[in-house]
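Residue numbers (UniProt numbering): 1 to 968.
What follows is a set of notes on a single structure, which appears directly below.
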């Protein structure tokens, strides 16, 4: 089709094509369109097709213009040849036929194949004919081949060897650089850990019979992961020819990179950067076993981003941040591209400084051999907006081909644990001279500031359970870095949040500008972003906090004591139950920049120009505690975050969780006066209590209901159970579980993440999930198909019980703590251990519960029951202390047990051959009964509420016990 009257506007970066104008000029044309696509036909032939831009009325199309005239045709032919050469160099000097096919399939560009000589290829490549064939694999992970190449000269970080693991089916590569060959066993663990997080089951590993592979440690690692090892015969490297050829390809490409730009003479130590880049590019643009599909897409399950790729070795100009230069200094430094750090940042070699730096603010000068330097190309954007947004989400797993993990979420924890050691063997450890401390020492000043929180080493699960909800909520929405915040669609809101933070830091005189003393260490810092939400999931506030990287601090120098208490979930539920029983008023508040109110005892230096957070949660807690004491509050000896004040018969009860507070009061006016006192000392925002620490609160005159409906909906959506068919029970007995799903389902399902999400729901307001969640938590490391089916059933049960929450009522069991304990004797078939169950109820609703496999094998039902009752006694004693000072209980807590022998044993020191072996620690309950602090009472199994904590129950029984726990 010929177009006349075409306007040339150099300032417009895109070609605009009017379909109506084209139709006016040709009576034989026809335009067809759908919701997503459009077509233009001329004389019955389709000459143009396009895809609709998301959220707009325009269509995007990839076209090659053909302009009449001899000179123009020559120019276009040259541009077409230049296009092929440009991407030949951008994509690592791969075969031009393959590059031509990739351009057509991925970017919609059709170019003529011209095999001109490429000088860097001549310098970098030489080859022999291949020999031999092998049986083809049919799925990812079926066969990995590996080989070590080296020694090279020492890299910037003293590495001399490269090891590559390549999947035979997808052709995806993992690459690691190492100091010595024996480090193979360390990087092998890293490689296997990441493959496992992606759900791939590696079956066989092929290598030569070198000592680094033919050793007991490697054999043990492979055996533990169920991987068979195949070694080549002595002196027969051809049997592992794939790895030999793979390493040659990578080294040749790296060598080609080294000589790609005559402007710079790369040092030999740069080899680690270049081989890493070669692997990165091959994974994203190389060949796989499927035509038109990259190794990355086959292995990762999603298309890679390739638009950011530039010619390795290209000269470029890196922006220097204002904080790193004076007024009249240059705003950029010249460097040369040597690699990539994810999809957003580049690795740039600075010859003058002899180091590699990371940056995203770069201007490139790509020079193509014997070609036009700047070419305008028609681009087909195959990465639609949905795909781009998905790749940018921090919960997506990303890994550079050299083994550097950027995985966010729990999978990254697994990978770190697998790779922990004295040395890092990841290719991205090749920063060598990019030492942050060394660069900082060149600064002329630092900041002396007051710390804003403390380092707290969490226990294995105790502290993590309270943040599971925040992890799930934030993982797809909160920017991970300062750059992410400014690139997001809500960048203006994040900028306001940062402005508020800086203003608060200045108002509270958090730092002073000073020179860094000799020998002192300036600690780096970063921005942390968080979306604070309302109960319905809408956004309440954008929060930005400037924090120091506290792991850089040294005990006794940068900090001393770091512990800062937080309220227990049981405390929060107890206060809500008391508030319901006593018909108290409720309000919640948030202290703005709470940690800035603490006073640090240590002097801490931080790199300018940012603030500091990680040392003052203890300081803040002490400051707030002093304020409360001055206003007549006393801290509870059962929970240091619970404060009580009673004046003239009026009570104020305050629970603090870091900078969030929940206040209950018997008198509305008394509560309002205290809030005003708070505002006079701190900046706070108060409102009706409706959403506290993930708990949604419905407060009426005669009851309080707490639930997590919004959170439950969110995890159903996250794990694709929003439209599932509900079931009436969370768990069936093992003999009734179906095994109809495929074997690979267990590996693909995000089992650990699903259990973690369910854990928070159970710990908050769903005691009916306690046994089932505890049961599925036993197989986090190696779940089977049956385990996955169990998890899915829990989600289906939640889908049918979204409205369930705990209801606390006034005038119900007022003044009595009801404690139930039970045990399922020998319920765990794999270990023979019993399961303890405990429920504590007040005001008609559960305030504390536990379902836990017992630490020892009980030899009788009586022993199992006494162990469970002992756990109930501990919880009852703690809650008694918690309630003391708030209300007066009418009687000591009564532990209700459905086993007569256990009741007698708890009340009397009976001794006979069936109980003489029971450990003395399990008779804590007997001591407290003797002291008159507890009571024990026998009840029938029918009335045993804790039965729900020890075993799966049928539908009718489950519903009855849910009602008895206040779940409605």
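Even for Gly, the Cβ is constructed at its ideal location relative to N, Cα and C.
Only a predicted model underlies this, so the values are computations on that prediction, with no experimental measurement involved.
Three-state secondary structure (DSSP) of residue i
| i | result |
| --- | --- |
| residue 597 | Model confidence at residue 597 stands at a pLDDT of 44, short of 50, so the residue's coordinates are unreliable; what they give is reported in the following sentence. DSSP places residue 597 in helix when its eight states are reduced to three. |
| residue 641 | coil |
| residue 296 | helix |
| residue 678 | helix |
| residue 849 | strand |
| residue 825 | coil |
| residue 118 | coil |
| residue 627 | helix |
| residue 178 | strand |
| residue 169 | coil |
| residue 578 | helix |
| residue 88 | helix |
| residue 280 | helix |
| residue 161 | strand |
| residue 831 | coil |
| residue 540 | strand |
| residue 216 | helix |
| residue 93 | coil |
| residue 257 | helix |
Cα-Cα separation, residue i to residue j
| i | j | result |
| --- | --- | --- |
| residue 302 | residue 296 | 7 Å |
| residue 895 | residue 227 | 52 Å |
| residue 280 | residue 248 | 15 Å |
| residue 175 | residue 479 | 29 Å |
| residue 776 | residue 730 | 11 Å |
| residue 814 | residue 842 | 8 Å |
| residue 810 | residue 670 | 21 Å |
| residue 944 | residue 846 | 14 Å |
| residue 209 | residue 259 | 34 Å |
| residue 888 | residue 818 | 15 Å |
| residue 218 | residue 941 | 54 Å |
| residue 837 | residue 715 | 26 Å |
| residue 951 | residue 651 | 41 Å |
| residue 570 | residue 291 | 58 Å |
| residue 718 | residue 194 | 22 Å |
| residue 160 | residue 178 | 6 Å |
| residue 660 | residue 675 | 13 Å |
| residue 331 | residue 366 | 21 Å |
| residue 868 | residue 828 | 15 Å |
| residue 949 | residue 773 | 10 Å |
Endpoints, beta strand (DSSP E) assigned at residue i
| i | result |
| --- | --- |
| residue 344 | Unbroken run through residue 344: none, as it is neither H nor E. |
| residue 787 | Not the beta strand (DSSP E): residue 787 falls in the alpha helix (DSSP H), residues 785 to 800. |
| residue 970 | Missing from the structure shown is residue 970; the chain here goes from 1 to 968 and no further. |
| residue 843 | Counting along the chain, residue 843 falls outside any beta strand (DSSP E), and DSSP gives it neither H nor E. |
| residue 724 | Looking at the DSSP string, residue 724 is not in any beta strand (DSSP E), and its letter there is neither H nor E. |
| residue 953 | Segment: none, residue 953 is in no beta strand (DSSP E) and carries neither H nor E. |
C-beta neighbour in chain B for residue i, strict 8 Å
| i | result |
| --- | --- |
| residue 41 | Here there is only one protein chain, and chain B is not present. |
Residues near residue i in its chain [Cβ-Cβ closer than 7 Å; skip 5 each side]
| i | result |
| --- | --- |
| residue 140 | 167, 169, 170, 200, 298, 299 |
| residue 712 | 761, 798, 802 |
Residue interval of the alpha helix (DSSP H) (run including residue i)
| i | result |
| --- | --- |
| residue 532 | Looking at the DSSP string, residue 532 is not in any alpha helix (DSSP H); the run it does join, the beta strand (DSSP E), is 525 to 533. |
| residue 907 | 900 to 907 |
| residue 101 | 96 to 106 |
| residue 718 | 709 to 718 |
| residue 862 | 861 to 883 |
| residue 191 | 184 to 197 |
| residue 774 | 770 to 776 |
| residue 756 | 751 to 764 |
| residue 24 | 19 to 25 |
Neighbourhood of residue i by C-beta distance below 8 Å, restricted to the same chain and skipping five residues each side
| i | result |
| --- | --- |
| residue 19 | 31, 38, 40 |
| residue 704 | 576, 577, 579, 580, 586, 697, 698, 807, 808 |
| residue 105 | 292 |
Same chain, Cβ closer than 6 Å to residue i, five either side skipped, listed in chain order
| i | result |
| --- | --- |
| residue 903 | 897, 936, 938 |
| residue 61 | 48, 50 |
| residue 682 | 591 |
| residue 692 | 588, 662 |
Cβ neighbour criterion (16 or more within 10 Å) applied to residue i
| i | result |
| --- | --- |
| residue 830 | exposed |
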